[in-house]
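Below: one structure, written as structure tokens.
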Amino acid sequence: MEANKTSTTGNLPPHDIAAEECVIGSLMIDGEQIINTGTLQACDFYHEPLGIIFSACQTLYHRHEAINQITVGSELQRIGKLEDCGGVSYLIHMVSVTPSPLDIDSYSDVVRRHSVSRQAIVLGQKIEYVGFESNPDSKTTVEKVNGLVSEFRKNSGKFRGLITPRETADIMFDTITKYKNNEPVIRWGYPSLDAITSGIHASEFIVIGARPSIGKTQLMLDVAENVGRQGKKILFVSAEMSIQHLLERKVAHILHKSIRELRKGNISEDDEAKIMERVALISESNTYWLAANTSSQQIYSEAARLQEQTGLDIVFVDYLQKLTDCYGEKENQNIRVGRACKTLKDLSFDLNIPVIAASQLSRGVEHRVGDDQIPTLSDLRDSGSIEQDADVVFLLHRTKDGTANDGGVKDPSLLYIKMAKNRQLGTAPHQKLRWNDEQHRYCNYGTIEEFEQEEIF
Numbered sequence: 077m078e079a080n081k082t083s084t085t086g087n088l089p090p091h092d093i094a095a096e097e098c099v100i101g102s103l104m105i106d107g108e109q110i111i112n113t114g115t116l117q118a119c120d121f122y123h124e125p126l127g128i129i130f131s132a133c134q135t136l137y138h139r140h141e142a143i144n145q146i147t148v149g150s151e152l153q154r155i156g157k158l159e160d161c162g163g164v165s166y167l168i169h170m171v172s173v174t175p176s177p178l179d180i181d182s183y184s185d186v187v188r189r190h191s192v193s194r195q196a197i198v199l200g201q202k203i204e205y206v207g208f209e210s211n212p213d214s215k216t217t218v219e220k221v222n223g224l225v226s227e228f229r230k231n232s233g234k235f236r237g238l239i240t241p242r243e244t245a246d247i248m249f250d251t252i253t254k255y256k257n258n259e260p261v262i263r264w265g266y267p268s269l270d271a272i273t274s275g276i277h278a279s280e281f282i283v284i285g286a287r288p289s290i291g292k293t294q295l296m297l298d299v300a301e302n303v304g305r306q307g308k309k310i311l312f313v314s315a316e317m318s319i320q321h322l323l324e325r326k327v328a329h330i331l332h333k334s335i336r337e338l339r340k341g342n343i344s345e346d347d348e349a350k351i352m353e354r355v356a357l358i359s360e361s362n363t364y365w366l367a368a369n370t371s372s373q374q375i376y377s378e379a380a381r382l383q384e385q386t387g388l389d390i391v392f393v394d395y396l397q398k399l400t401d402c403y404g405e406k407e408n409q410n411i412r413v414g415r416a417c418k419t420l421k422d423l424s425f426d427l428n429i430p431v432i433a434a435s436q437l438s439r440g441v442e443h444r445v446g447d448d449q450i451p452t453l454s455d456l457r458d459s460g461s462i463e464q465d466a467d468v469v470f471l472l473h474r475t476k477d478g479t480a481n482d483g484g485v486k487d488p489s490l491l492y493i494k495m496a497k498n499r500q501l502g503t504a505p506h507q508k509l510r511w512n513d514e515q516h517r518y519c520n521y522g523t524i525e526e527f528e529q530e531e532i533f
């Protein structure tokens, strides 16, 4: 259904013809002002002739031709729309009613705001249609609604992306100012990782790849805890494990006990007091959880909602191939995983926050020997889209039977971390973390200097 038609209530949708005419009038007075219309599109105009005129202005701009009453009239004549749009006299009228072409950005904002409202009306009608379909599987209904809402978010103006020269200059200035003022960024909480990445940066889609039982879930939990200590708001998506199992690991960490001991009931009164103290802190923390049986679209929707309501600084997803839209029988696995990667990449870009997602590695790495056991980007399971969309890729591995690759002493507690890709910084020397069995978490292995002296895998 077209957004410009009357609503189902019989009322005219939101619009402002005066603002729309002032946008066109400004362009007739000073055609170069088109660069200050931002993300405005022809479809944002309620009055169809004005949308056609704006489209003609865009065509002239892309052909590097002047925009004025003569050239626009000529372009409309060429496409056979001049009379439909009110003729040259209408162009002259719009010039006469425009207070100042310098305020075109304000006129454009009014037009865009009403356009978003009309799109919201259409969204409601589409969701109503999905409800009347009465799908036998409620998950299908939820997926369709989430897809419609996500598409609305991306197309409603907030995330549409034409950046004017003026905005480009502002972004560059803000970036330099941020570096000059040494504004804090999110830290990994491990000196070695912070040294090679300079922290976790906004709009980055970060992938942590590993085979099962290597420790990617625990590393994600430990990094999330480190980030939480920095006062950041977190959404942790557990597509593989139940929230109860994840929190069981937290309890083991708090009490410095193994999960086996916990399950045997070896909990003293002092242990219980420690847990109750932590429970009180957790209830006031900034970490939100999204349980299993979720899709990339649901993650996008929940993250956007959280950011609007409470603020959101980072999203963790454990793990990619376990999202509900990454498995099934209808499509090829690569296509499904690729679509989910694209959604998570869009989330990081649209919300301007980092997204860290764990991913499986292929089985092939287990059957190699020696240094060939060190994973590469091609070992990422369903790697095409993951490797392409990721801004940063870390690959985790342990040496077989605890044997160190550099010929050192066997130590099964070591976790090797290879930064196989960083779109901005390139690759880096491998890093190590050590599993602390007493604390039940990963800890620093050595100093930053020691890390920087290690060879690249």
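Counting in our numbering, the sequence shown runs from 77 upward without gaps. Heads up, the beta-carbon is just placed ideally off N, CA and C, and yes, glycines get one too. Quick caveat: nothing in here was measured; it's all calculated off a predicted structure.
Continuous alpha helix (DSSP H) stretch holding residue i: start and end
i	result
His138	124-138
Ser314	Careful: Ser314 lies outside any alpha helix (DSSP H), inside the beta strand (DSSP E) at 310-314.
His190	180-209
Leu297	292-304
Gln109	No alpha helix (DSSP H) contains Gln109, which DSSP labels as neither H nor E.
Val413	409-426
Arg154	145-154
Leu453	Note, Leu453: premise wrong, no alpha helix (DSSP H); not H, not E.
Leu357	345-359
Arg510	Arg510 -> not in any alpha helix (DSSP H); beta strand (DSSP E) instead, spanning 507-512.
Tyr376	372-385
Best match in the options for proximity to residue i [C-alpha to C-alpha]
i	options	result
Ile450	Pro177, Lys308, Arg287, Ser150	Arg287
Ala132	Glu141, His123, Leu88, Val148	Val148
Thr273	Tyr166, Gly223, His506	His506
Gln500	Ser279, Lys326, Ile375, Ser454	Ser279
Thr115	Ser371, Gly291, Gln134	Gln134
Glu316	Tyr137, Asn520, Thr370, Val225	Thr370
Close beta carbons around residue i, own chain, < 7 Å, minus the five adjacent residues each side
i	result
Asp298	Arg517, Tyr518
Asp120	Val187, Arg188, Ser191
Tyr183	Ala95, Cys98, Val99, Ser102
Ala328	Ser334, Ile335, Leu338, His516
His91	Tyr122, His190
Gln109	Ser102, Leu103, Pro177, Ile180
Leu456	Gly285, Ser435, Leu437, Ile462, Glu463
Pro241	Ile111
Alpha carbon of residue i to alpha carbon of residue j, nearest angstrom
i	j	result
Asn80	Gln409	A caution first: Asn80 carries a pLDDT of 48, below 50, which makes its placement in the model too unreliable to give a value.
Gly478	Arg510	Unreliable placement is indicated for Gly478, whose pLDDT of 48 sits below 50; no coordinate value is reported for it.
Thr386	Asp513	36 Å
Glu324	Ser318	10 Å
Gly101	Asp246	27 Å
Met170	Glu97	6 Å
Ala416	Gln383	20 Å
Ala379	Val391	8 Å
His277	Leu366	22 Å
Gln320	Leu331	16 Å
Pro89	Phe130	20 Å
Gly307	Val431	17 Å
Val469	Leu126	47 Å
Ile411	Ile93	44 Å
Asn222	Gln374	6 Å
Leu199	Lys220	12 Å
Ser361	Arg354	10 Å
Ala356	Ala349	11 Å
Tyr266	Ser210	50 Å
Asp346	Glu259	41 Å
Ser214	Ile197	24 Å
Phe312	Val413	19 Å
Ala496	Ser193	44 Å
Leu396	Cys402	8 Å
Cut-off 6 Å between Cβ atoms - residues of its own chain near residue i, not counting five sequence neighbours on either side
i	result
Lys421	Phe281, Asp465
Thr293	Asp394
Leu152	Ala132, Leu158, Cys161
Gln309	It is Lys, not Gln, that sits at residue 309 in the sequence shown. Here the set comprises Asn362, Gly387, Leu388, Asp389.
Thr113	Ser184
heavy atom of the ligand HEM below 8 Å from residue i C-beta
i	result
Phe208	With respect to the ligand HEM, the structure offers nothing, as it holds no ligand at all.
Where the beta strand (DSSP E) containing residue i begins and where it ends
i	result
Tyr364	363-366
Ile493	490-498
Gln436	431-436
His473	468-473
Val393	390-394
Beta carbon proximity, residue i to chain D, threshold 9 Å
i	result
Asn408	Structure shown: chain D not included; a single protein chain is present.
Counting only runs of 3+ residues fully inside the region 217-293, write out the beta strand (DSSP E) ranges in chain order.
-> 281-286
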